[in-house]
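> Take a look at the following structure, please.
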Amino acid sequence: MSHDDVVAQYAVGRPACLGHSISVGAAPPLFTYTPGMRTHGHTHQVIVARIPLLLAALSMAGCAGTSLPDRTGPSSSAPPQTPAASSVARPGISDPSLAPVAFMAGSWISEDGGGVTDEHWSAAAGGTMMGTSRTVRGDRTLFYEFLRIESRADGVYYLAAPLGRAPATPFKLTSSSRNAVAFENINHDYPRRISYRLDEAGHLIARIEGIKNGGPASAQWQYTRQP
Numbered sequence: 048m049s050h051d052d053v054v055a056q057y058a059v060g061r062p063a064c065l066g067h068s069i070s071v072g073a074a075p076p077l078f079t080y081t082p083g084m085r086t087h088g089h090t091h092q093v094i095v096a097r098i099p100l101l102l103a104a105l106s107m108a109g110c111a112g113t114s115l116p117d118r119t120g121p122s123s124s125a126p127p128q129t130p131a132a133s134s135v136a137r138p139g140i141s142d143p144s145l146a147p148v149a150f151m152a153g154s155w156i157s158e159d160g161g162g163v164t165d166e167h168w169s170a171a172a173g174g175t176m177m178g179t180s181r182t183v184r185g186d187r188t189l190f191y192e193f194l195r196i197e198s199r200a201d202g203v204y205y206l207a208a209p210l211g212r213a214p215a216t217p218f219k220l221t222s223s224s225r226n227a228v229a230f231e232n233i234n235h236d237y238p239r240r241i242s243y244r245l246d247e248a249g250h251l252i253a254r255i256e257g258i259k260n261g262g263p264a265s266a267q268w269q270y271t272r273q274p
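Under my numbering, the first residue of the sequence shown carries the number 48, and numbering increases by one thereafter.
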């Protein structure tokens with residue numbers, strides 16, 4: 048194979064170098080033939096056989112100097128993207144529609160007559176406050192109640208489900224002042240009125256009133272806030 052044949056063969060089958068082609072033109076001879084050289088011997092065959100390898104090595108050397116595109120993404124020095132602040136209300140965020148009853152939020156406990164009553168109210172959020180009440184004596188639960196305060200189109204309602212009964216009985220907010228509220232349901236016998244207030248010492252005073260056994264009746268609890 049002649050020198051020109053080797054160059055031509057390599058030019059046709061040359062590889063792409065990372066998206067860049069390599070132009071192979073007329074190349075200078077890799078060796079000069081002089082009279083007396085053994086053209087049919089081993090030496091000539093080795094040199095011709097190694098010409099494609101030499102050209103490939105030169106091509107790879109050119110590839111090594113080709114700059115690679117940056118695939119590492121944005122520079123690490125770029126400031127991190129900050130997500131947009133969410134407008135969704137989260138528990139613990141005050142709800143203006145329930146501002147009159149917000150003072151009730153928290154855990155409260157009352158001890159009286161050998162029994163312990165605990166009442167818990169979530170913070171106002173999403174138009175509701177969720178509550179529970181339970182009275183325990185010794186190792187027995189004597190009474191429990193699921194509670195809810197919610198904002199409706201026509202006002203604020205206190206809904207009580209004693210012993211988990213459904214549907215819950217609604218009591219509408221009829222009066223409110225600073226740290227004091229009252230709910231009423233004139234169609235319910237007992238209780239007919241439910242009120243909460245904070246006294247000067249920070250106790251939560253809960254009171255129920257109504258008609259029981261044909262006469263007026265009431266009950267009251269003094270709660271202390273728990274951590």
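Where a beta carbon is used, it is the ideal one built from N, C-alpha and C, also for glycine.
Keep in mind that this is a model prediction, so the values were computed, not measured.
1. I need the boundaries of the beta strand (DSSP E) containing Leu331, first residue and last residue.
2. In chain order, what residues of the same chain have a beta carbon less than 8 Å from the beta carbon of Asn226, not counting five sequence neighbours either side?
3. Buried or exposed: which applies to Phe230, given that a residue is buried once 16 or more other Cβ atoms fall within 10 Å of its Cβ?
4. What residue from Glu256, Ile233, Val203 and Gln273 has the CA that sits closest to Ser281's CA?
5. Taking the C-alpha atoms as reference points, what is the distance between Pro147 and Trp268?
6. For a minimum of 4 consecutive residues, which ranges assigned as the alpha helix (DSSP H) are wholly contained in the stretch 178 to 260?
7. Could you tell me whether the stretch 195 to 211 touches the stretch 166 to 182, where touching means 3 or more Cβ pairs closer than 8 Å?
8. Buried or exposed for Ala171, please, with buried defined as at least 16 other CB atoms from any protein chain shown within 10 angstroms of its CB.
9. So Ser157 is in the beta strand (DSSP E); what residue range does that whole segment cover?
10. Look at the alpha carbon of Glu158 and the alpha carbon of Asn260, and state the distance between them as a whole number of angstroms.
11. Please look up how many angstroms separate the CB atoms of Pro255 and Pro238, rounded, as I've assumed it's under 8 Å.
12. Using a Cβ-Cβ cut-off of 8 Å (strictly less than) and excluding sequence neighbours within five positions of Asp236, which residues of its own chain qualify?
13. Which stretch, first to last residue, makes up the beta strand (DSSP E) that contains Gly162?
Based on what the coordinates show:
1. Because the chain spans 48 through 274 in this model, residue 331 falls outside it and cannot be assessed.
2. Sequence-distant partners of Asn226 (beyond 5 residues in either direction) whose C-beta falls short of 8 Å from its own C-beta, in its chain, are Phe150, Arg244 and Leu245.
3. Result: buried.
4. Since the first residue of the chain shown is 48 and the last is 274, residue 281 is not available in this structure.
5. The straight-line gap from Cα to Cα measures roughly 20 Å.
6. Runs found: none.
7. Output reads yes: the stretch 166 to 182 touches the stretch 195 to 211.
8. Label assigned to Ala171: buried.
9. Taken as a continuous stretch (DSSP letters only), the beta strand (DSSP E) holding Ser157 covers Gly153 to Asp159.
10. Rounded to whole angstroms, Glu158 and Asn260 show a C-alpha spacing of 26 Å.
11. The identity of residue 255 in the sequence shown is Ile, whereas the question assumes Pro. Here Ile255 really is in contact with Pro238; their C-beta atoms are around 4 Å apart, less than 8 Å.
12. Closer than 8 Å at the Cβ level, and outside the excluded window around Asp236, lie Gly257, Ile258 and Lys259.
13. First-last of the beta strand (DSSP E) with Gly162: Gly162 to Trp168.
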